[in-house]
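Comments concern the structure below.
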Amino acid sequence: MPQPSQVRVRFAPSPTGELHLGSARTALYNYLFARRHGGQVLLRIEDTDQKRFVEGSMDRFFADLKWLGITFDGEPIIQSSRVERHREIAEELVNRGAAYYEPVTDTVHGRKHGEEEYRAGRVAYRGQNRDLGEPPASPHSLPKSPDGHFASVPGAAPNPGYVIRLKVPEGTIVLDDMVRGRVEFDLATTDDQVLLKSDGMPTYHLAAMVDDHDMEITHILRSEEWLSSTPKHLLIFKAMGWQPPEFVHLPVVLALDGKKLSKRIHGEAVWIGTYRKQGYLPAALTNYLALLGWNPGDDRELMTLDELVRAFSLERVHKAGAKFDQAKLDAFQSHYVRDLPDEELVRQLKDYVRSIGEKVVDEQNFSRAAIVLKDRMSALSTFCALATPFIPGRAHEYEPALLIFKKSTHDATVSGLTAARDGLAAAGKETWESEELLSQILDRVVASTGLTNGDVFWPVRVALTGQERSPSPAECLWVLGKQESLLRIDRALQKLSSSK
Numbered sequence: 001m002p003q004p005s006q007v008r009v010r011f012a013p014s015p016t017g018e019l020h021l022g023s024a025r026t027a028l029y030n031y032l033f034a035r036r037h038g039g040q041v042l043l044r045i046e047d048t049d050q051k052r053f054v055e056g057s058m059d060r061f062f063a064d065l066k067w068l069g070i071t072f073d074g075e076p077i078i079q080s081s082r083v084e085r086h087r088e089i090a091e092e093l094v095n096r097g098a099a100y101y102e103p104v105t106d107t108v109h110g111r112k113h114g115e116e117e118y119r120a121g122r123v124a125y126r127g128q129n130r131d132l133g134e135p136p137a138s139p140h141s142l143p144k145s146p147d148g149h150f151a152s153v154p155g156a157a158p159n160p161g162y163v164i165r166l167k168v169p170e171g172t173i174v175l176d177d178m179v180r181g182r183v184e185f186d187l188a189t190t191d192d193q194v195l196l197k198s199d200g201m202p203t204y205h206l207a208a209m210v211d212d213h214d215m216e217i218t219h220i221l222r223s224e225e226w227l228s229s230t231p232k233h234l235l236i237f238k239a240m241g242w243q244p245p246e247f248v249h250l251p252v253v254l255a256l257d258g259k260k261l262s263k264r265i266h267g268e269a270v271w272i273g274t275y276r277k278q279g280y281l282p283a284a285l286t287n288y289l290a291l292l293g294w295n296p297g298d299d300r301e302l303m304t305l306d307e308l309v310r311a312f313s314l315e316r317v318h319k320a321g322a323k324f325d326q327a328k329l330d331a332f333q334s335h336y337v338r339d340l341p342d343e344e345l346v347r348q349l350k351d352y353v354r355s356i357g358e359k360v361v362d363e364q365n366f367s368r369a370a371i372v373l374k375d376r377m378s379a380l381s382t383f384c385a386l387a388t389p390f391i392p393g394r395a396h397e398y399e400p401a402l403l404i405f406k407k408s409t410h411d412a413t414v415s416g417l418t419a420a421r422d423g424l425a426a427a428g429k430e431t432w433e434s435e436e437l438l439s440q441i442l443d444r445v446v447a448s449t450g451l452t453n454g455d456v457f458w459p460v461r462v463a464l465t466g467q468e469r470s471p472s473p474a475e476c477l478w479v480l481g482k483q484e485s486l487l488r489i490d491r492a493l494q495k496l497s498s499s500k
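Each residue of the sequence shown is one higher than the one before, counting from 1 in my numbering.
Shown next, in the form of structure tokens:
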């Protein structure tokens with residue numbers, strides 16, 4: 001395992017939309033690995049593909065990562081600011097015989113191997129001009145800047161001249177991956193990758209490797225989807241005489257059906273921002289993401305970010321894809337909600353409710369509802385639905401028959417509800433401040449009247465909430481307060497009277 005001073009990793013997203021769960025997991029593993037070994041984790045924005053750039057996505061990335069607790073060392077590095085450096089290395093690779101110029105027309109039409117073989121996947125792409133060490137003469141060739149490098153052409157034609165391709169040699173190349181072990185690649189199946197496009201912009205394969213070298217990255221932790229591209233990346237390092245970083249290919253995050261999580265199939269559930277908007281706690285989501293492809297080696301599941309840092313190791317990263325289970329995440333979320341101090345829960349709920357444009361009308365009612373519903377919540381967004389019965393002044397429609405317990409009768413229900421109402425009306429302020437004292441009133445009604453719990457507790461619950469399932473009647477009374485509770489019980493008695 002590397003010494004603390006050696007570790008330097010990066011998270012390098014492309015600003016093409018929202019932060020994906022899988023990307024966030026990759027960022028988290030980079031963070032945990034770097035912090036575990038006292039190293040640095042850098043942020044690089046890979047924005048050279050301007051066609052896919054989505055306005056505002058970088059700001060959302062930064063906000064989501066910060067919300068998760070993932071911090072970076074130094075300022076973000078914007079890849080497009082380094083294009084001249086990428087072009088310089090592309091030309092140097094040509095000079096070293098490791099890359100070649102290819103006219104755009106050849107890129108579309110010409111292959112060293114037959115069209116049929118290529119399309120069948122039996123051979124990789126090989127250009128017809130692999131020995132071309134100078135840019136081909138073309139009226140559309142890119143002009144060069146005064147320093148001799150390519151200059152961008154505003155509004156350039158789709159095929160302005162030529163590309164630079166990697167010249168893949170024959171034979172094999174070996175990767176010693178820190179998760180997958182030894183992986184041998186047959187270069188006969190590796191394309192002559194475009195490194196510099198016809199508009200003078202670098203492709204990912206060139207820009208990322210140049211930046212990794214210049215940033216002195218020691219370990220590249222990325223999705224296993226990049227494994228098949230690794231031969232190209234190793235060849236670039238080898239051709240330039242650079243020491244390649246250690247490669248760590250992480251398992252893909254899958255849905256429960258075994259398919260890769262994707263926006264097209266699974267909708268907005270694949271985005272970190274979705275969970276943030278729904279009121280998930282960052283500690284819960286970070287904890288769960290850490291376990292998607294890794295385990296601490298014991299039976300622990302619930303871990304703080306600091307605990308994850310201390311426990312994280314690449315030796316326990318899985319090779320197989322990790323399945324994202326919404327129910328499991330909700331279980332984590334429920335635990336973290338229950339673990340919050342009441343005051344902190346109320347504060348976070350107020351912030352959430354206001355963030356969605358709602359108002360907190362009654363501070364006491366809101367706070368008490370939050371405390372009573374604490375064990376029933378998962379995402380903070382669930383509070384809004386759960387708390388609906390406790391909104392003061394809101395009438396809840398229900399059938400009178402719901403007030404009658406399955407083993408009770410109409411008359412017994414009226415008697416129980418009337419007696420409960422009388423006892424509660426006589427209770428003073430001190431009693432209404434205590435769930436226990438309110439429950440004792442209902443207990444005394446049962447004991448003094450000879451009625452059953454079903455004759456008393458059940459109709460009180462339904463009268464207060466309009467629901468069969470809710471917190472206990474005493475908790476509901478405590479949340480609603482004396483005036484609102486008596487008003488709702490009176491309304492229930494009227495329903496029973498009109499239904500007989």
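All C-beta atoms in this analysis are idealised placements derived from N, C-alpha and C, irrespective of residue type, glycine included.
Reference residue i; option with closest CA among the options
i      : options                           : result
Arg85  : Arg165, Ala207, Arg180 and Thr189 : Ala207
Pro341 : Phe72, Val94 and Ser367           : Ser367
Met215 : Gln243, Ser223 and Leu487         : Gln243
Ile391 : Gly454, Ala370 and Leu285         : Ala370
Met58  : Asp351, Gln79 and Gln40           : Gln79
Met303 : Tyr288, Ser313 and Glu315         : Tyr288
Leu196 : Thr71, Thr190, Thr48 and Gln440   : Thr48
Lys350 : Ile489, Ser381 and Lys328         : Ser381
Gly466 : Phe185, Lys495 and Val446         : Lys495
Leu305 : Arg36, Ser14 and Val7             : Arg36
Ser378 : Arg338, Glu75, Ala27 and Val353   : Arg338
Pro76  : Glu46, Lys51 and Gly56            : Glu46
Gly56  : Phe33, Asn129 and Ser14           : Ser14
Glu397 : Glu468, Ala124, Thr71 and Tyr29   : Glu468
Buried or exposed by the 16-neighbour rule on C-beta atoms within 10 Å, applied to residue i
i      : result
Thr107 : Low confidence applies here, because Thr107 scores a pLDDT of 48, under 50, leaving its location unreliable and the question unanswered by this model.
Val361 : exposed
Ser23  : buried
Ile356 : exposed
Asn95  : exposed
Ala395 : exposed
Lys167 : buried
Glu475 : buried
Ile265 : exposed
His318 : exposed
Ser81  : exposed
Val54  : exposed
Gln333 : buried
Glu433 : exposed
Glu504 : Since the first residue shown for the chain is 1 and the last is 500, residue 504 is missing from the structure and cannot be characterised.
His113 : A caution first: His113 carries a pLDDT of 48, below 50, which makes its placement in the model too unreliable to give a value.
Gln193 : buried
Leu250 : buried
Phe11  : buried
Arg488 : buried
Glu513 : The shown model of the chain, from 1 to 500, leaves out residue 513, and the question about it has no answer.
Val174 : exposed
Arg87  : buried
Ala492 : buried
Those residues which DSSP pairs with residue i across a bridge
i      : result
Asp176 : Arg182
Glu92  : None; Glu92 has no bridge partner.
Ala99  : Leu166
Glu502 : Only positions 1 to 500 of the chain appear in this structure, which leaves residue 502 out of reach.
Val317 : Trp294
Ile77  : Arg44
Val253 : Ala322
Lys260 : Leu254
Assumed close pair residue i, residue j - CB separation to whole angstroms, cut-off 8 Å
i      : j      : result
Leu464 : Ser497 : No, Leu464 and Ser497 are not in contact; Cβ-Cβ is about 18 Å, not under 8 Å.
Arg165 : Gly200 : At roughly 15 Å, the Cβ-Cβ gap does not stay under 8 Å, so Arg165 and Gly200 are not in contact.
Val462 : Asn365 : The pair is not a contact, with the Cβ atoms about 20 Å apart (cut-off 8 Å).
Ala290 : Tyr336 : In fact, because the Cβ distance is near 14 Å, the residues do not count as touching under 8 Å.
Phe247 : Ile220 : 5 Å
Ser408 : Thr452 : 7 Å
Val163 : Val104 : 7 Å
Thr218 : Gln6   : 6 Å
Arg52  : Leu19  : Actually they do not touch by this definition, with Cβ atoms about 15 Å apart.
Pro471 : Leu345 : That pair is no contact at about 15 Å.
Leu261 : Val270 : 5 Å
Gly293 : Ala322 : 4 Å
Could you name each continuous alpha helix (DSSP H) segment of 4 residues or more that falls completely within the segment 422-469, going from the start of the chain to the end?
429-432, 435-449 and 453-465
Please specify which runs of the beta strand (DSSP E), each continuous and at least 3 residues long, are wholly inside the segment 397-423, giving them in chain order.
none
Segments of 4+ residues assigned as alpha helix (DSSP H) that fall wholly inside the segment 268-311
272-277, 282-290 and 305-311
Counting only runs of 4+ residues fully inside the segment 202-237, write out the alpha helix (DSSP H) ranges in chain order.
204-214
Every unbroken alpha helix (DSSP H) inside the segment 10-59 [4 residues or more]:
21-36
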